[in-house]
Structures are given as C-alpha cells and as structure tokens.
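Take a look at the structure set out below.
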Amino acid sequence: MMNENELLRVLKEHGQEHIYKAYEKLDAAGKEKLAAQVDKIDWSIVSMAGHGEVSMERGKLEPLSALEVSEIEAGRAKYEETGLKAIQAGKVGAVLLAGGQGTRLGSDGPKGKYNIGLTKDIYIFERLIRNLLDVTDKAGCFVPLYIMTSDKNDAETIAFFEEKDYFGYPKDFVKFFKQEMAPSVDFNGKLYMESADSLSLSPNGNGGWFYSMSVTGVLKDVKARGIEWLNIFAVDNVLQRIADPVFVGATLDSGCVSGAKVVRKADPNEKIGVLCLEDGKPSIVEYYEMTDEIINSREENGQLSYNFGVILNYLFRVDKLEEILNEKMPVHVVEKKIPYINESGALVKPDAPNGYKFELLVLDMIHLLDNCLSYEVVRDYEFAPIKNKTGVDSVESAQALLQKNGVEL
Ligand code: UTP
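In the numbering used here, the protein residues as written are 4 to 412.
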C-alpha cells in the first residue's frame with residue numbers, strides 16, 4: 004500500500020490534488036480505503052480523457068461471409084447432434100454478462116430484476132434461465148452458468164436468485180463473479196468522488212469478463228469441470244438461445260476458435276457493429292467507423308458486403324482465451340452521467356453527461372483471435388434487447404417479440 008508521501012506525489016503528478024484534500028479530512032479507515040482505490044488506478048487509461056475514442060484507425064477491411072440461415076437449416080440435424088454431444092460431455096459453459104448499470108432503462112437495481120410480465124411476473128433473469136432450460140431439458144444435463152456482476156449490483160443479484168430459488172436452475176451449476184471497477188472523470192480529466200471516502204467507480208465495461216473470471220478464481224472451476232467452450236451473452240436480450248446446440252455444433256464443425264451470432268442488417272446504415280475481416284483477422288467494426296463506400300458495397304448477388312451485425316452472443320474456446328488473457332484491449336472513452344459529490348459534500352445525480360467512463364468491450368476480443376464463425380440468426384426469433392423503457396430496443400418491443408414467439412407474458 005502507498006504511504007502518504009507517495010499518494011500525494013502520484014496525485015500531484017496526475018493533476019488530482021483535490022483527491023488528496025479529500026483524503027486529508029478522513030479517519031484512518033477512510034484514508035486506507037481511498038488510498039487503496041487510488042493505488043489501483045491505471046493512469047494510462049485516465050489520461051485518455053478528452054482525447055476522443057480509442058484510435059479509430061482501422062486496418063484493411065474485407066467482408067466475412069456468414070453461415071446463413073438456409074445453410075444452418077440444411078445442416079441443423081448434424082450441427083445439433085454435435086452440439087448436444089459437446090454439452091453432454093460437459094464441454095460447454097455459459098457466461099451471463101450482468102455487470103452493467105442499465106442506465107438507459109433507468110432502473111437502479113440489476114437489469115435482470117426488471118419485470119417484463121404483463122399478466123404475471125416474469126423477470127429478465129427468469130426469462131433467460133427458461134431459455135437455457137429449453138436446452139438443458141433437451142440435452143438431459145445442466146450447463147454451468149457463470150454470472151458476472153459488479154460491486155454495484157452483486158449482493159442484490161445474488162439475493163434475487165436466492166429469493167427466486169434460481170428460477171428452477173440447480174444452484175450447484177451457478178457461480179457469481181465480480182468484474183473490475185474503473186474510475187470516472189469530469190470533462191477536464193479530474194477524478195470524481197461519489198462519497199467522502201470513495202472515488203466514483205463504475206464497472207469497466209463487458210470486455211474484462213475473462214480477466215475477471217481469472218482473477219476471481221472462477222476460471223479454476225471452468226478448468227476443473229473440463230469446460231472447453233464458453234457462451235457469452237448479454238443480460239438484456241430476452242429472446243436469445245443460450246448454449247444453443249446448433250450454434251455450438253456449427254462452430255465446432257467450422258474449426259473456428261470463436262463464433263458470433265449475427266443478424267442481417269435491416270438497412271445499410273443500421274447502427275450495429277458489423278463482423279468482418281480487418282487485416283485478415285475477424286473484427287467488429289461500428290457503422291461510424293466505415294466509409295459510405297464500404298457501407299454500401301455489394302456482392303455480385305446484390306447482398307450487402309458488410310451485411311451482418313453482432314448481437315452480443317459469442318462462443319469462445321477457453322484455451323484461446325487463456326492465450327490472449329494478458330493482451331491489451333482498446334479502452335473506450337464514453338461520455339456518461341456520473342453521480343458525484345459536490346464541494347459541500349452533497350450527492351449530485353446529473354441529468355446530462357458530465358464526464359467520461361472508461362470501458363473495455365467484449366467485441367474487441369474477437370480481433371485478438373485468428374478466426375470467428377459468423378452465424379446468422381433470424382432477428383425476430385433471437386434478438387429482443389431491452390435497452391430503453393420505450394421505443395427502439397425497449398421493454399415494449401421485447402414484449403411484442405416474445406409474444407410473437409409464443410411466450411405468454
Ligand atoms: P450495455 O452496453 O447495454 O450497457 O451492456 P448497460 O450498462 O447494461 O446499459 P446502459 O448503457 O447503462 O444503459 C451490454 C451487456 O454488457 C453487460 C450488461 O450487463 C449487458 O449484459 N455489461 C456492460 C457488463 O457486464 N459490464 C459492464 O461494465 C457493462
């Protein structure tokens with residue numbers, strides 16, 4: 004642990020003397036807590052504030068063809084058998100990314116606690132477990148489920164699963180782990196504080212999940228169980244298939260070390276990250292990083308060359324993840340509304356963005372790998388993300404899609 008002189012020196016060096024002023028007013032326990040938080044700061048990240056997004060210079064982009072729905076249907080029986088065998092052999096685990104804060108939905112607790120039922124209670128977590136149970140019923144065995152939370156929602160998430168008896172999933176097959184936290188800064192790069200003895204810390208994005216599995220020791224469980232593939236999925240897509248045997252089988256069959264579920268773009272300018280090749284390696288490129296020419300380019304058959312967007316449902320081979328465990332991932336600097344304490348010590352919850360958070364994104368992992376199976380799913384059957392209260396990608400739109408798929412709400 005840093006001593007006081009070191010603390011002062013480090014804070015001065017990075018123009019954060021206001022934190023030392025706050026530190027001086029604390030008792031011994033408070034001092035220890037704050038100093039420990041400062042000690043953990045990666046200054047190379049904090050110093051990126053105000054310098055825009057990660058360097059967006061992209062390499063040479065080329066289209067990556069997908070395994071399309073018609074091909075999947077033609078091979079369904081074979082893929083499903085391969086996938087079920089892998090699941091039955093205990094080689095597949097699932098990772099629920101639930102460390103986010105769901106600020107757009109505007110509910111304070113874990114997003115998975117949100118009730119999307121109309122005539123009865125149906126929580127997002129419950130819906131996801133039901134989706135997983137569809138597979139495990141068919142496979143005749145359970146799939147280990149790892150749930151990533153953060154300091155902000157861990158206790159509440161675990162308590163909710165306990166209260167609801169894990170929605171019928173066996174508790175022995177569920178493990179929680181916490182992701183890392185990162186500091187937030189104002190538009191001038193000054194660290195915010197959220198209480199007298201704490202920096203404003205928030206989850207560091209969904210890209211650190213494998214690192215967090217490793218440092219929390221959960222990875223040991225993955226290894227001990229002999230799991231070879233992990234299916235990563237977001238908390239907010241209530242329609243997605245989890246540990247989908249057809250997806251698993253197709254990925255195994257392809258020989259790729261990763262797989263990504265993708266949907267056909269609704270139109271060339273849809274705001275969705277597109278899976279393609281960058282300098283010969285798989286990569287996910289956002290619509291705003293592409294030129295108009297690339298966006299509108301078409302293949303001979305008239306189909307858009309960059310036609311498939313990711314839905315945050317990936318398969319990764321565990322041994323390959325271990326190889327890239329310590330590789331640097333790009334840090335995304337994002338403008339957000341950050342609660343902070345003002346000079347009189349009162350907590351302020353701003354209505355508009357007031358600074359930056361620093362995030363790692365799971366999609367950047369794909370580019371660290373040699374190959375990725377682009378696996379097409381039908382949007383209306385597999386993609387109903389809940390980001391907002393109303394409108395696009397909302398509770399309402401997800402409810403409508405669930406009903407369309409025969410789910411009683
Ligand atoms: P989003 O990018 O939609 O972020 O997360 P969010 O925090 O849930 O919502 P907003 O932006 O504040 O409204 C996509 C997925 O990644 C997870 C989320 O829980 C969701 O499943 N995630 C996000 C994490 O697990 N950790 C994070 O730090 C961020």
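Glycine residues also receive a C-beta, built at the ideal position from the N, C-alpha and C atoms.
Just so you know, these numbers come straight off a predicted model, no measurement behind them.
- Distance from the C-beta of Leu100 to the nearest heavy atom of ligand 1 is below 7 Å.
- Annotation for Gln182 indicates a beta carbon within 7 Å of some heavy atom of ligand 1.
- Here Lys392 is not bridged, per DSSP, to any residue.
- DSSP, read as helix, strand or coil, puts Val177 in strand.
- Per DSSP, the beta bridge partners of Ser377 are Ala263.
- Its Cα nearest to that of Arg320, the residue Ala263 stands out among Ala263, Phe311, Gly312, Glu302.
- With a threshold of 7 Å, the Cβ atom of Ala25 does not count as near ligand 1, since no heavy atom of the ligand is closer than that.
- The stretch 284-299 makes no contact with the stretch 332-342; the number of CB pairs closer than 8 Å stays below 3.
- Ligand 1 approaches Pro206 closely enough that one of its heavy atoms is under 7 Å from the residue's Cβ.
- Under a 10 Å Cβ-count criterion, Met368 is classified as buried, with 16 or more other Cβ atoms of the shown protein chains found around its own Cβ.
- At a Cβ-Cβ threshold of 8 Å, Ile327 and Tyr309 do not count as neighbours.
- Among the bridge pairs identified by DSSP, Lys339 is matched with Gly358.
- DSSP places Glu273 in no alpha helix (DSSP H); its state is neither H nor E.
- In the DSSP assignment, Glu165 falls within the alpha helix (DSSP H) that extends over 157-166.
- Cβ-Cβ separation between Val238 and Arg130: approximately 10 Å, too far for a contact (criterion under 8 Å).
- CA-CA distance, Val98 to Thr152, rounds to 11 Å.
- At least 8 Å separates the beta-carbon of Glu330 from that of Leu372.
- Straight through space, the alpha carbons of Ile132 and Gln91 are spaced by roughly 18 Å.
- When the Cα atoms are used, Glu84 and Gly78 turn out to be separated by approximately 10 Å.
- The continuous stretches of alpha helix (DSSP H) do not include Gly409, and DSSP gives it neither H nor E.
- Following the DSSP letters along the chain, one finds Gly96 inside the beta strand (DSSP E) bounded by residues 95-100.
- Taking a cut-off of 8 Å for Cβ pairs, the stretch 350-360 and the stretch 392-399 do not touch, as fewer than three such pairs fall below it.
- By the criterion of a C-beta distance shorter than 8 Å, Val334 is surrounded in its chain by Ile48, Met51, Val57, Phe361, Glu362, Leu363, once the five residues flanking it on both sides are discounted.
- Here Ala101 is buried, its C-beta having at least 16 other C-beta atoms within 10 Å.
- The continuous alpha helix (DSSP H) containing Ser215 extends over residues 212-218.
- Remark: the shortest separation between the CB of Asp239 and any heavy atom of ligand 1 falls under 7 Å.
- Short note on Gly112: C-beta not closer than 7 Å to any heavy atom of ligand 1.
- Straight-line spacing of the CA atoms in Leu405 and Gly112 works out to 23 Å.
- Measuring C-alpha to C-alpha distances from Trp232 to each of Asn391, Gly96, Glu20 identifies Gly96 as the nearest.
- Nearest to Lys390 by alpha-carbon distance, out of Lys15, Gly62, Thr106, is Thr106.
- Taking Ser257 as the centre and dropping the five residues before and after it, the same chain places the C-beta of Leu376 closer than 6 Å to its C-beta, in chain order.
- Glu16 has no beta-bridge partner at all, per DSSP.
- Under the 10 Å beta carbon count, Leu318 is surrounded by 16 or more other beta carbons and is classified as buried.
- Closer than 7 Å to some heavy atom of ligand 1: that does not describe the Cβ of Gln243.
- With a cut-off of 7 Å, the C-beta of Lys94 is classified as distant from ligand 1, since no heavy atom of the ligand falls inside that distance.
- The three-state reading of DSSP puts Pro206 in strand, counting E and B together.
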